[in-house]
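If you're matching positions, the sequence shown starts at 26 in this note's numbering and goes up one per residue.
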Amino acid sequence: PHASELTTSLRELAKDQCTWEWKQEHQTEFLRLKELLTSAPMLRYFDPSVNVVIQADASQFGLGACLLQEGQPICFASRVMNQFEKNYSQIEKELLAICFACDRFHYYIYGRSATVQSD
Numbered sequence: 026p027h028a029s030e031l032t033t034s035l036r037e038l039a040k041d042q043c044t045w046e047w048k049q050e051h052q053t054e055f056l057r058l059k060e061l062l063t064s065a066p067m068l069r070y071f072d073p074s075v076n077v078v079i080q081a082d083a084s085q086f087g088l089g090a091c092l093l094q095e096g097q098p099i100c101f102a103s104r105v106m107n108q109f110e111k112n113y114s115q116i117e118k119e120l121l122a123i124c125f126a127c128d129r130f131h132y133y134i135y136g137r138s139a140t141v142q143s144d
């Protein structure tokens with residue numbers, strides 16, 4: 026959740042034009058991200074007989090999605106938007122998040138109906 030906002034400085038280090046120098050802000054983001062990844066909520070096993078809900082959202086920098094059954098998470102997905110996607114209007118970003126979620130959760134939703142929730 027909100028990983029793209031928590032890793033802005035780390036992602037800057039990955040750019041070609043950037044001089045790679047590890048600073049305190051990178052260490053802080055790294056530790057925050059590590060904590061986020063190692064304290065993940067309990068995931069539920071997928072049950073093909075239960076209805077599926079996809080929650081998708083877009084921020085200024087990234088996309089996030091969650092696949093749920095009976096209100097419990099099955100899996101999460103997120104990614105950073107590229108420089109062109111960042112210029113989309115907010116409603117286009119929300120639709121991009123839904124498309125991303127459907128693509129990422131294809132294995133779980135193919136051939137069945139799913140409820141999509143977005144703001």
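Don't be surprised by glycine CBs; every beta carbon is placed ideally from N, CA and C.
What's the C-alpha gap between residue i and residue j?
i: A122; j: G136; result: 20 Å
i: F101; j: A126; result: 9 Å
i: N107; j: F55; result: 21 Å
i: L92; j: N112; result: 27 Å
i: M67; j: S103; result: 17 Å
i: V105; j: Q49; result: 22 Å
For the beta strand (DSSP E) containing residue i, name the first residue and the last one.
i: D128; result: Note, D128: premise wrong, no beta strand (DSSP E); alpha helix (DSSP H) at 115-129.
i: Q97; result: 97-105
i: T32; result: No beta strand (DSSP E) contains T32, which DSSP labels as neither H nor E.
i: V141; result: 139-143
i: C43; result: Here C43 belongs to no beta strand (DSSP E), and DSSP marks it neither H nor E.
First and last residue of the alpha helix (DSSP H) that includes residue i?
i: Q58; result: Gln is not the amino acid found at residue 58; the sequence shown has Leu there. Segment 49-63, the alpha helix (DSSP H) holding L58.
Assuming residue i and residue j are in contact, meaning their beta carbons sit under 8 Å apart, how far apart are those beta carbons, in whole angstroms?
i: L38; j: W45; result: 6 Å
Whose CA, out of the options, lies closest to the CA of residue i?
i: S29; options: L61, V77, F71, F86; result: F86
i: Q94; options: Y133, T32, D82; result: Y133
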